[in-house]
Every structure is written in structure tokens, then in C-alpha cells.
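Asks: The opening residue of the sequence shown carries number 228 in this note's numbering; numbering runs sequentially from there.
Note that CB positions come from ideal geometry on N, CA and C, so glycine has one too.
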Amino acid sequence: MKPFLLSLCLWAGIAGHSIAQQTTVVNRWISPVTKDFMSLPESIYTDQQLISWGYTQKTFQFEAYSEEPSGDNVTAVYRWIMPNCRESILIAEHELTDAQLQSWGYRGKLFQFYAYKTRPNDGQRYKAVFRWINAKPQGDPCRDFTLTTVSGEYSDAQLRSWGYSDKRLQFYVPAF
228 MKPFLLSLCL
238 WAGIAGHSIA
248 QQTTVVNRWI
258 SPVTKDFMSL
268 PESIYTDQQL
278 ISWGYTQKTF
288 QFEAYSEEPS
298 GDNVTAVYRW
308 IMPNCRESIL
318 IAEHELTDAQ
328 LQSWGYRGKL
338 FQFYAYKTRP
348 NDGQRYKAVF
358 RWINAKPQGD
368 PCRDFTLTTV
378 SGEYSDAQLR
388 SWGYSDKRLQ
398 FYVPAF
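Written out as C-alpha cells, the structure reads:
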């Protein structure tokens, strides 16, 4: 009976914290197009590809789910190619509709990873991920570029001093 109870307790402990989800590392790179930060998951592009395309200064940002976690608080995050600019931005499916993005000229929607729309209340730790609008000059084809940052990566004051504005919460990722 004792081995059965021990097994049951171990199973309950695992179930209470959910079995480990597959994750992907998301890194920040400097884009050869915008000369600004780009957030790119390792599960989509290899370092060799990015370097051959001119990306530099790889820096770890966060981990995100490569497989959909259970629950109704989950959102898929996509990369959209910007109009008039050969670069892309990260947008979670709950932020804007496909129709809105397409009406503004965005194209090439490509799945990147999963995250949570709001901070889960499950006892685990999570990091907030934000989107900031850049301050490129009028006429720059990448003017509407948005930067994805994770909480604690840069201070709001630092980002504002670099010309970023309009901070918006995008989603939450696990804090491992």
C-alpha cells in the first residue's frame, strides 16, 4: 500500500504543476534592415540563417511555448511582414485581427510560439512581454516598427530616451 500511496503522491505533484511544456528560446538580434532589435525564436530560424541574412548581436530574451499549453488563456504569437519595409513584427492573435493587419498592408503571417494573454494564477512565475512603437522619422519605410521587450530587459525611461513610445502589454511567458 505504501508504494501505491507514494506513486499517487508523486503523480499528484506532477499533475499540480503540469508536465513540462516544450519551449523555444526567443533571442533579440539587430536587424540589417531596421538597425533595431528583432525578437526571433530559435525554433524557426537557425543562427547560421540569421547571420547569413546580416543579423548581429544575438541576445537571449525569453522562453515561450512551442506546443500549445492547455487552457483558454493561451494565445498564438505570429510574425507579420510590415508594409513598405522588409522586416517583420510580433503580434499575438488577441491584439489585432488578421483583417486589421491586412488592411494596413501587413502580410506573410507566420506562427512563432504560444504565450498567455493574462498572467496565469497557477503558482508559477511569468514575465510580461511588451510592444513599443519606435520613433523613426516621417518617410522612413519602417516607421511603424514595433519593438518587443520582456519585463526587466530595459527600463521604461531608457526606452523612452531612445525614442520609443506607446508601451502595450502583449502577453506573458514562463519565467524559468
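#1: Quick check on this structure: which residue in H321, Y292, T373 has the alpha carbon closest to the alpha carbon of F340?
#2: When the Cα atoms are used, what is the spatial distance from Y391 to Y282?
#3: What number of angstroms, rounded off, separates the C-alpha of Y343 from the C-alpha of E314?
#4: Of the residues T273, R395, Y381, W331, which one's Cα is nearest the Cα of T345?
#5: Note down, in chain order, each residue of its chain lying with its Cβ closer than 8 Å to the Cβ of K336, except the 5 sequence neighbours on either side.
#6: With distances taken Cα to Cα, identify the nearest neighbour of S258 among A319, L267, N300, N348.
#7: Which value, in whole angstroms, describes the spacing of the CA atoms of T251 and E269?
#8: The beta strand (DSSP E) that contains D367, what's its start and end?
#9: What residue from V260, W256, I316 has the CA that sits closest to Q275's CA?
#10: Do you know offhand how far Y333's Cα is from M309's?
Replies: This is what the structure gives:
#1: Reading the sequence shown from its first residue, position 113 is the one you call residue 340. If you compare the alpha carbons of H321, Y292, T373 with that of F340, the shortest gap goes to Y292.
#2: For the purposes of this step, residue 391 is taken as the residue at position 164 of the sequence shown. For the purposes of this step, residue 282 is taken as the residue at position 55 of the sequence shown. Taking the straight line joining both Cα atoms gives about 21 Å.
#3: Sequence index remark: in the sequence shown, residue 343 carries index 116 (1-based). Sequence index remark: in the sequence shown, residue 314 carries index 87 (1-based). Using only the alpha carbons, I get a separation of about 25 Å.
#4: Residue 345 sits at position 118 when you count from the first residue of the sequence shown. Taking the Cα of T345 as reference, the smallest distance to any Cα among T273, R395, Y381, W331 is reached at R395.
#5: By 1-based counting over the sequence shown, the position of residue 336 is 109. Answer for K336: Y305, R306, W307, D325, L328, listed in chain order.
#6: Translated into positions along the sequence shown, residue 258 becomes position 31. Here the closest residue by C-alpha is L267.
#7: Taking the sequence shown and counting its residues from 1, the one referred to as residue 251 is at position 24. Taking the sequence shown and counting its residues from 1, the one referred to as residue 269 is at position 42. In a straight line, the C-alpha of T251 is about 6 Å away from that of E269.
#8: Numbered from its first residue, the sequence shown carries residue 367 at position 140. Boundaries cannot be given for D367, as no beta strand (DSSP E) includes it and DSSP labels it neither H nor E.
#9: For the purposes of this step, residue 275 is taken as the residue at position 48 of the sequence shown. Nearest of V260, W256, I316 to Q275, Cα basis: W256.
#10: Translated into positions along the sequence shown, residue 333 becomes position 106. Translated into positions along the sequence shown, residue 309 becomes position 82. Those two C-alpha atoms are separated by around 5 Å.
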